[in-house]
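Below: the structure, in structure tokens.
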Amino acid sequence: MLFVLPALLYVGIFHLVPVVYGLVLSFTDYDPLSRTSPDVVGFDNYVAIFSDAAFRDSLLVTGRYVLMVLPVTVALALGLALLVNRPFPGVGLVRSALYVPHIVALTAVSMVWLWMYSSNGLINEVLGWFQLPAQSWLYDEDTALPAVAAMRVWKALGSNMVLLLAGLQSIPKELYEAARVDGARRWQLFRHITLPGLRPILVYVVAMDIIFLAQGFAEIFVLTGGGPLGSTTTTNYLIYTEAFQYNRMGSASAMAFVLFAFIAGASLLAVRGMLGRRQS
Amino acid sequence: MTNTLSPPTGREAPPAATRPRRRRRRGGLDGHDRLTRAVLLLGTCLLVMVPFAWMISLAFTPPEQAFGSVALVPEDPTLENFSTALLDADLLRALANSAIVAAVVVLGNCVIAILAGYAFAMLPFRGSTAVFFSLVATTAIPVSVTLIPLFLMTRGVPLAGGNDILGQGGSGLLDTLAGLTLPHLVMPMNIFLARQYFSGSSRDLAEAARIDGAGEWRIFSRIYLPLAKPLVAVIAIFSFTGVWDDFLWPLVITSSPESQTVQLALARFLVDGNVQYGPLMAGVVLVTLPVIAVFLFNQRGFISGLTDGSVKG
Amino acid sequence: MDVTSRMRHLRGPVALVATGALALAACSSGGGGGSGDSADSLVVWFPGTNQTEIDLVTDVIVPQFEEETGVEVEVTFADWGDLSTKLSAAFAAGTAPDVFGHGPAAIADYAVNERVEPLDGYVAQLDPDDVEDLSSALPGGQVDGVQYLIPLSMQGNMFIYDAEMFADAGLDPDAPPSTWEEIYEAAEALTVRDASGTVTRSGLLLPTHPVGTQQSFANLLLAAGGDQLSPDGTQAAFNSPEGEQALRLLVDMYSGEEPVATGLGANFMDAAAAQQPIVTGDAAIMMTVAPRATDIMAAAPDRDFRILPVPRFESADSGHALGGAGAGLMISSDSPDKDLAWQFIEYMIDPGTSEQYTEGIGAVPTRMSAVQGEYAQSSPVVQAWLEALPQFTANPNVPGWVQARDTMATYLEGALRGQATPEDTLTEMETAVNDVLAAARP
């Protein structure tokens, strides 16, 4: 218990209190610019956002976005982690190269991706080499969200790989020795040792990815501004607009807690699903 | 973290005699395997590095030519952008500020978060699962909502920045380096990560040590912590990048040039409609180098040097 | 207080926490003006992070001001994208700067919440000649006739064209079109299509990214003689024959039977100079703003780019475009020494400082006398914009404008992407904008 206390106090004060504060605000009409104290409005904010089509659409966009990024990035990261798990000359450099996207300032990187997606940018140029027609990636309802998702996969790959790498390193090596003595094939090793051993970290990776992807904002802000026709307006983008463009903090908070309920539900489902397999 | 009390981890080098045998057995496949792996890795690295290569190229391109054409190697490279980035944006001071803040944050997370994660995994207490989930849940609330409360709290820290004991009257920790560390000093996701990591390790060692009369602290610091090198490495890397990349919080709480961080310094080149690509990218390269250094240093924690890490290819 | 009477809505523990939290919020907003609390220092936040602006303000203007007044000035530059966030947090905590800058679109929301000081008294003390000189700038900083913001530069949309492309298409670059009907005709001649009929070079480009769509529409609406809102700012006024004329042209341009533009949704306005469609040869005529036009000319010095005079629709009497006051400075109502704050603003709008400042950032000066200034004389771009100043009309400064603008952009985008006819779009947009304006009125 003593081990937990410092963390508990700290997170309690600097993370939990603001959240509770936000929860309280979601029942008020708080406007940070207003000089009068906010009025308590009960569940009005919640009722209002649920009758707002833009909010409901944003939840769908958020869900789609998570589903586009999550499986791809986890699968790729797992593959890469397996490839760079064993030391070889230059392994540090290769790992760094794969990790670099995660550490480059998002705003700067977005400038480059904006250009890569532009009508005469790199991607259309490459399509041109194969006689394929140029696309207006970020300005077409059908391609905008996948285009943003592609950048996010690129950005999240490195951090997921590093986590899975740490997970791989935590699997006792003698398990493999023993299995190999028993004549296990590589796939069997992966299926019966690597995957179960990796499960705790995999649970973390999936849960964290859901939590962060479902709050996707910065990449949307820079690449599409929520368009075209709202096809990339994630809930968190809407929350930002509501809170800081229109100064409706109460309604923004209500949106945040509805989003939270969805995130919590989705991560619990995912974690359950993954842990469930262990029991069977 | 010297390891004087060597634990019975099963991670020691396998008896020397087994090594050559294993090598031989896998030898037939190895050449082919290695080639596949090298090709796969090389291909992925190249793909992943394309946008970054572009940024480096832009960093050496004279500002007025930026984005004029698809050319990976600038025609007449220049160092001008780097001097602009260093001088105009006062990048050195920003680097120093960010480094101090990051060091404190890394330390805080490596100690407090790992300790807590360990306890949640190995020493559960009544209600610990509920407590744990409410800590982690805080990361699922968008920052737009928690920003203002946190700002009010930072301003209201008692006895700081001219505040009285009730936190009134002054500016608290606004515009200070201490204020910059506040939301990051213990990141709930790191507690989560540490818990997951330790929940995968065996409890037998702890049981055995307890029977021998070892205290909990000794069990943690002498047995489990040395086993958790990859975890420490990851948490160090993540805390470092997390705080190094942070933009919104420094933007909101700093005002004087003395407390600027690297991301704020870079934002200077992101003028609407007149983005200064050269200096921006030069700045990004300069700002990214320390993170790569931290990564390179820490990623060695992923190599358990005692085994030849033979297995999964 | 209201809070206690309404508290009945909540029960038990929630009410308790709420009281505590709101009390905290209330206490916190009682604070002074940040570190500018004492009378001998001043905290100023500038919008944007333009290097020339930073150098000029921190190396020249501020030291000069400090020396003359003995006051210490602390200046912070915040990027545009996050300025509102930074200000909201500061206002909520009572740590707002004494003086801060913002675009005109935001002032009404600060004004209705009494966060910014009315400046009429100070403006009245200015030399009448000064006021006259600033007369095209000042109205853009007013809400309901009260001055809240003092503009530091002017903005406006004009059209840049490539004279060689005109000549190649058989048009006379020395006698450019002057009405929208003529421009559209010219655009049809200037448009290049591939074998399948897809536009490969736009004859005419108006921006259609989220914020740009509203600007394009407003620009054409004004040129047709229409208005965005009623004179009192409470009702939408764009659902008119003029509005239909404007929207129809915009829709025809991108998705009519013979479109003359491609790249729907792309934000070319904010692209780097070397990437501007007119520089890359992807457009023959396009909308732009003064600083960008300067960059474009500099990026392609051997090309012959020219500026169109502000056009009108044939049915309108004179040319009009969207423009007017640009970003400017406001004084926080919490500032302990507002006279000092005003002194700083006065410094910034002094003819010498003003010219230096606008030249530094490549913007259009606020003073009409600047036409004779060295800066305007040396720059045909600035000259063209200064001459067009009387034809610029600004967006309305009413509470809720930011959201009204975004709402318009959403509906206009629907029309551009063929989701609704221009008539239906205008009708629905009118209802939606009226709702937004009604909800935002105090």
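Residue numbers (my numbering), protein chains in the order written: chain A, 1 to 280; chain B, 281 to 593; chain C, 594 to 1035.
Yeah, the Cβ is synthetic: ideal placement off N, Cα and C, and Gly gets one too.
The structure displayed is predicted, hence computed values, not measured ones.
Asked: Contact with chain B by Y10 (chain A), beta-carbon distance below 8 angstroms; Found: yes
Asked: Residue burial classification, S363 (chain B) (beta-carbon count within 10 angstroms, cutoff 16); Found: exposed
Asked: L80 (chain A), DSSP secondary structure in three states; Found: helix
Asked: Interface residues of chain A facing V571 (chain B) [CB-CB closer than 7 angstroms]; Found: I103
Asked: Proximal chain A residues relative to F684 (chain C), where beta-carbon distance stays under 7 angstroms; Found: P32 and L33
Asked: Neighbour flag for M208 (chain A) against chain B, beta carbons, 8 angstroms; Found: yes
Asked: Straight-line gap, T426 (chain B) to G128 (chain A) (C-alpha atoms, nearest Å); Found: 47 angstroms
Asked: Where V353 (chain B) falls, given that 16 or more other Cβ within 10 Å makes a residue buried; Found: exposed
Asked: Per DSSP, the bridge partner or partners of D44 (chain A); Found: Paired residue(s): none; D44 (chain A) is not in a bridge.
Asked: D723 (chain C) in three-state terms, based on DSSP; Found: helix
Asked: Nearest residue (CA-CA) to T1000 (chain C), options A:A149, A:Q169, A:Y246 and A:N124; Found: A:Y246
Asked: Touch test, the stretch 553–563 of chain B against the stretch 314–327 of chain B, Cβ-Cβ under 8 angstroms, three pairs minimum; Found: no
Asked: Cβ-based neighbour list, A893 (chain C), same chain, cut-off 7 angstroms, excluding 5 preceding and 5 following; Found: V872
Asked: Rounded straight-line distance, which links the Cα of A1008 (chain C) to that of P1015 (chain C); Found: 6 angstroms
Asked: N- and C-terminal bounds of the alpha helix (DSSP H) containing V1026 (chain C); Found: P1015 to A1033
Asked: Closest by C-alpha distance to G919 (chain C), when choosing among C:I743, C:E660 and C:P721; Found: C:I743
Asked: Alpha-carbon spacing of S925 (chain C) relative to I210 (chain A), whole angstroms; Found: 41 angstroms
Asked: A689 (chain C) (DSSP reduced to helix, strand or coil); Found: coil
Asked: 9 angstroms Cβ cut-off: residues of chain B touching M249 (chain A); Found: S424, V425 and I428
Asked: Test: F43 (chain A) CB closer than 8 angstroms to a CB of chain B; Found: no
Asked: Whole-Å CB distance - P342 (chain B) paired with T418 (chain B), under 8 angstroms assumed; Found: About 47 angstroms separates the two Cβ atoms, so there is no contact after all.
Asked: Contacting residues, own chain, Cβ-Cβ under 8 angstroms from W154 (chain A) (five flanking each side not counted); Found: P101
Asked: 8 angstroms Cβ cutoff, D787 (chain C) in contact with chain B; Found: no
Asked: Beta-carbon gap between S136 (chain A) and V222 (chain A) smaller than 8 angstroms; Found: no
Asked: Contact under 8 angstroms by Cβ, A977 (chain C) with R905 (chain C); Found: no
Asked: Residues bridged to Y754 (chain C) [DSSP beta-bridge criterion]; Found: C:I878 and C:R899
Asked: Per-residue burial, G388 (chain B) [other beta carbons within 10 Å of its own, 16 or more giving buried]; Found: buried
Asked: Where V739 (chain C) falls, given that 16 or more other Cβ within 10 Å makes a residue buried; Found: exposed
Asked: From A:L269, A:V258 and A:Y10, residue whose alpha carbon lies closest to that of F50 (chain A); Found: A:V258
Asked: Contact check, M161 (chain A) vs L93 (chain A), beta carbons under 8 angstroms; Found: no
Asked: Separation of A75 (chain A) from G197 (chain A), as counted between CA atoms; Found: 16 angstroms
Asked: C-alpha gap between I428 (chain B) and G63 (chain A), whole angstroms; Found: 27 angstroms
Asked: Identified DSSP bridge partners for G694 (chain C); Found: C:L922
Asked: Spatial distance of R502 (chain B) from P200 (chain A) (CA atoms); Found: 23 angstroms
Asked: First through last residue of the alpha helix (DSSP H) which encompasses G953 (chain C); Found: P944 to I954
Asked: Residues within the stretch 113–137 of chain A neighbouring chain C, beta-carbon criterion of under 8 angstroms; Found: W115, S118, S119, N120 and S136
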